[in-house]
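To keep things clear, I will list the structure first and then write my remarks on it.
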Amino acid sequence: MKIGIPRALLYYYYYPLWKTFFETLGCEVIISGKTTIDLLDKGIKASVSDICVPIKILNGHVLELLESDVDYIFLPRMMSIRKGEFFCPKFMGLPDMVRHSLPGAKDKILFPNISSLSDDISDDKLYYDMGQRLGVTDKNIKESLKEGRKVWNEFRRFSKEDYTALEAMDYVLEGKLPEKQVEDINITIGLMGYVYDVYDDLVSMGIVDRLRKMGVKVITFEMMDEVMLDRELDSMKKRLFWTFSNKLLAAGYKFLKDESIDGIIHVTAFGCGPDSLIGKLMEIDSEKLGKPFMTIRVDEHTGENHLQTRIEAFVDMIYRKKSKYIKEA
Ligand code: SF4
């Protein structure tokens, strides 16, 4: 049986778990290709106009899988991974939106309801109903998830050694060790952004590699310890409702206080409601604390040159700020 997984949204956080799970069940896993302009165009045509760019991209990936010969497409309904917090509503309604708006999708989508108390979403009970559709036993589900959990834990452990989600995936799934990171580190930047923005080729246009080429060490929220991020949130007067937005904000506040972080870049895709809140909070607090902060908002029309110019100018400004500080000291 062939299971399609869209290379979008939480693919960049949970793919090692899901791939190992389905393969241990005996399925073949097919992922959609990288995001291209053409794929995005198809996603845009299939989406309501005011939805955020990552959902338009997701629609493009699902359409690509629908055109292939997969038996099912895995698109879980992500509800919650923290008590009292939820995923952005677009995640919760996603399976319904896709099933009822993309031709041919209705009977092809596998959508277990994912509700858990931690980032670990490998509780077998969550997947039993889906197992019935696939004709596998609860025991098969349990054993396959156990394998998936092992790989995912390794993926998370490796991410926390300052490797990107893509590098950690290559390591745990392909056994490929990442190339050496920046050796001559001059500055460190905290990069805020959802995994599906930071690692999507079209949204962030390889921002991590671009920064590394400029001698910048990059830290993202998934490289940080979840317990530490939770502690950071505890010190806030009020948490947001959305877990991944909370993770970004917690990382942002940590970056603001951490003297080893020279500046913060927030990558956001057009149409994201939660991000407009996070961006504003960060803007206010970074100004108060005098930490350089820049937002890069990407839409369907953003060009590479624009992005490159902005990050070069930002990095250059931090270099100048740092060298002035060193001279004065
Ligand atoms: S958090 Fe923002 S970018 Fe992500 S799905 Fe929700 S609205 Fe879209």
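In this note's numbering, each residue's number is its place in the sequence shown (first place is 1) plus 1453.
Using N, Cα and C, we set each Cβ at its ideal position, and we do this for glycine too.
query	result
Contained beta strand (DSSP E) runs [length at least 3] in the stretch 1646-1695, N- to C-terminal order	1669-1673
Contact test: Pro1727 Cβ vs the ligand SF4 heavy atom, cutoff 6 Å	yes
Cross-strand partners of Ser1810 (DSSP beta bridge)	Residue 1810 lies beyond the residue range present for the chain, which begins at 1454 and ends at 1782; the question has no answer from this structure.
Ser1713, enclosing alpha helix (DSSP H) - first and last residue	Careful: Ser1713 lies outside any alpha helix (DSSP H) and carries neither H nor E.
Inter-residue CB distance, Thr1762 and Glu1600 (contact presumed, cutoff 8 Å)	No, Thr1762 and Glu1600 are not in contact; Cβ-Cβ is about 46 Å, not under 8 Å.
Heavy atom of the ligand SF4 within 6 Å of Pro1507 beta-carbon	yes
Nearest-angstrom Cα separation, counted from Phe1544 out to Ala1766	35 Å
Any non-hydrogen atom of the ligand SF4 within 6 Å of Lys1543 CB	yes
Beta-carbon proximity of Pro1548 to Arg1530, cut-off 7 Å	yes
For Ile1642 and Leu1760, the rounded distance between their alpha carbons	16 Å
Extent of the continuous alpha helix (DSSP H) to which Ser1571 belongs	Unbroken run through Ser1571: none, as it is neither H nor E.
Cα-Cα separation, His1553 to Ile1672	39 Å
Three-state secondary structure (DSSP) of Ser1776	helix
Residue ranges of each beta strand (DSSP E) within the stretch 1467-1514, 3 or longer	1481-1484
Delimiting residues of the beta strand (DSSP E) encompassing Phe1638	First, the amino acid is wrong: residue 1638 is Ile here, not Phe. Run containing Ile1638: none; DSSP gives neither H nor E here.
Three-way DSSP call (helix, strand, coil) for Leu1619 in this model	helix
Ser1729 burial status per 10 Å Cβ neighbour count (16 or more: buried)	exposed
Outcome for Leu1630 when other beta-carbon atoms lying within 10 angstroms are tallied against a minimum of 16	exposed
Integer Cβ distance of Ile1717 from Phe1746, believed to fall under 8 Å	5 Å
Residue from Gly1557, Asp1653, Leu1734 whose Cα sits closest to the Cα of Lys1690	Leu1734
Beta-carbon proximity list for Thr1590, same chain, < 8 Å, skipping 5 on both sides	Gly1584
Beta carbon of Leu1518 nearer than 7 Å to that of Gly1457	yes
Three-way DSSP call (helix, strand, coil) for Arg1535 in this model	strand
Glu1632 versus Asp1654: straight-line alpha-carbon distance, rounded	19 Å
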